[in-house]
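Beneath this line is the structure, given in structure tokens, with notes to follow.
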Amino acid sequence: MEFGDILRQLRTERNLSQDDLAALLGTTKQVLSRYETKKRVPRLSVVAEYAQKLGLPLSALTGETPVLPPQALPVGRRKRVPILGSAACGEPIYKPGDGTEYISVEDDLACDFALIAEGDSMTGDRIYSGDIVFIRSQSDVQDGEIAAIALDNEITLKRVRRLHGPGGAVLYTQLLPSNPAYAPIDIGGEGETRCARILGKAVAVRFML
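With this note's numbering applied, the sequence shown corresponds to residues 415 to 623, in that order.
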């Protein structure tokens with residue numbers, strides 16, 4: 415089987431649309447369509463990247479070994495949640511979705527929307543660029559939890575920590591990366607003009623099918 419055939423088989427067996435699979439692989443529906451119709455052949459480095467994101471050995475996508483044992487196929491009821499945009503794992507970035515992109519997820523996962531991670535500041539929590547992060551809508555989280563935070567008109571994924579003063583009042587809120595190469599983002603204090611709002615708590619990450 416050629417790569418396009420394997421990709422189509424993989425998508426069909428796992429009950430995924432081209433939009434779903436494109437979101438997981440960090441590409442577009444149009445690119446996947448060209449692969450599946452064999453109008454385009456990916457470089458080996460691209461195939462290796464896809465294999466890593468799918469949690470498969472490279473040999474599965476090159477046709478040397480089976481793609482998936484039957485017992486590993488997803489089971490149970492599923493629902494669709496909207497992909498609202500991208501959340502940076504580095505510097506905040508926001509690309510608003512238009513409400514037409516959805517991804518399938520297990521019905522019992524308590525989430526309301528999903529974001530696509532970008533960057534590498536959360537790799538200590540195994541969140542890599544292109545991963546799908548599922549968010550449960552809520553206006554607050556406990557210290558140490560990972561949240562989707564709107565910072566002015568941008569969104570970022572970070573752990574939240576609050577620094578309190580002697581009287582117990584919150585002096586600063588820190589947005590903490592889990593990659594030591596990045597510095598925390600401090601929100602608050604005299605002269606702070608940014609508006610930060612918690613959109614929800616990260617409840618799951620899909621880094622493989």
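The C-beta atom is built at its ideal place from N, Cα and C for all residues, glycine as well.
In terms of Cβ geometry, Gly558 and Leu585 do not form a close pair [threshold 8 Å]. Between Leu589 and Ile549, the C-beta gap is not smaller than 8 Å, which leaves the two residues out of contact. Setting aside the 5 residues that flank it on each side, Glu478 has no residue in the same chain whose C-beta is closer than 6 Å to its C-beta.
The C-beta separation of Leu571 from Ala616 comes to about 7 Å, placing the pair in contact by the 8 Å criterion. For Glu532, the three-state secondary structure derived from DSSP is strand. Arg611 places its beta carbon 8 Å or farther from that of Ile546.
The residue among Arg576, Leu435, Asp521, Tyr516 with its C-alpha nearest the C-alpha of Lys467 is Leu435. Ala616 is bridged by DSSP to Ile549.
Membership of Lys493 in the beta strand (DSSP E) is indicated by the continuous run 492-502.
Counting along the chain, Glu568 sits inside the beta strand (DSSP E) bounded by residues 568-578.
With respect to Ala501, Ala531 sits close: the two C-beta atoms are nearer than 8 Å.
One alpha carbon belongs to Val519, the other to Gln432, and they sit about 15 Å apart. Pairing Val445 with Phe417 gives a Cβ-Cβ distance that is not under 8 Å. The beta carbon of Leu472 is closer than 7 Å to those of Val461, Ala462, Ala465 in its chain, skipping five residues each way along the sequence.
Straight across, the Cα-Cα distance linking Pro496 with Gly605 is about 36 Å.
The bridge partners DSSP lists for Ala597 come to none.
Rounded to whole angstroms, the separation of the alpha carbons of His578 and Asn429 is 48 Å. The C-alpha of Arg620 lies about 23 Å from the C-alpha of Thr476. Between Arg540 and Ile517, the C-beta spacing is not below 8 Å.
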